[in-house]
Amino acid sequence: MGLLNSTKMEGEETEINSNLTGPFVKNDPRINREGRPKETEETKAKRKLIKDLVAEYRQALAEALPVITPVLLKQAAKGDIQAIKEVNDRVMGKAPQSTDITSGGEKITPIYGGLSNFSDVQEHNSNQTDIQPQQED
């Protein structure tokens, strides 16, 4: 569990949670009382450079699209599968892809089976059958 330190704050004895992974508590010494650091000139310059590069790329792409589009359509008309997929994705939108790598499409039953007694869960071997919820009498 978390380490507790006793410190004096304005004449009172206060316990502070100093566990680095625990939640903040009142008067926690880890709290940054000065707020978010100010943005440096270097950071501002980097942010502006990235913004300018993205804008330049978008402009270049907008200028290239009228040339690229007819070529892509011609390739799709000739039967180029990649071109057909690209045109279809752009016109119809990409099809949603669902990924189910754990259950084979079957409903997932939690291994804890709704038990509230944690000791029952610890003894459970997940390579055996799932724990079923206890039946109420």
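For the sequence shown, my numbering begins at 121 and goes up steadily by one.
All residues carry an ideal CB built from backbone N, CA and C; glycine is no exception.
Can you tell me whether DSSP reads residue i as helix, strand or coil?
i: D209; result: helix
i: T163; result: helix
Rounded to whole angstroms, how far is the Cβ of residue i from the Cβ of residue j, which I believe are closer than 8 Å?
i: I228; j: T219; result: Going by Cβ atoms, the distance from I228 to T219 rounds to 14 Å, so no, they are not a contact pair.
i: I204; j: A215; result: Not a contact, Cβ separation roughly 14 Å.
i: V207; j: L193; result: 7 Å
i: R153; j: F144; result: No, R153 and F144 are not in contact; Cβ-Cβ is about 12 Å, not under 8 Å.
At a cut-off of 6 Å, is residue i close to the ligand HEM when judged by its beta-carbon and the heavy atoms of the ligand?
i: Q217; result: By its list of ligands, the structure shown contains no ligand whatsoever, and the ligand HEM lies outside what it can speak to.
Start-end ranges of the alpha helix (DSSP H) lying completely within the segment 169-216, minimum 4 residues: Complete alpha helix (DSSP H) runs here, min 4: 201-212.
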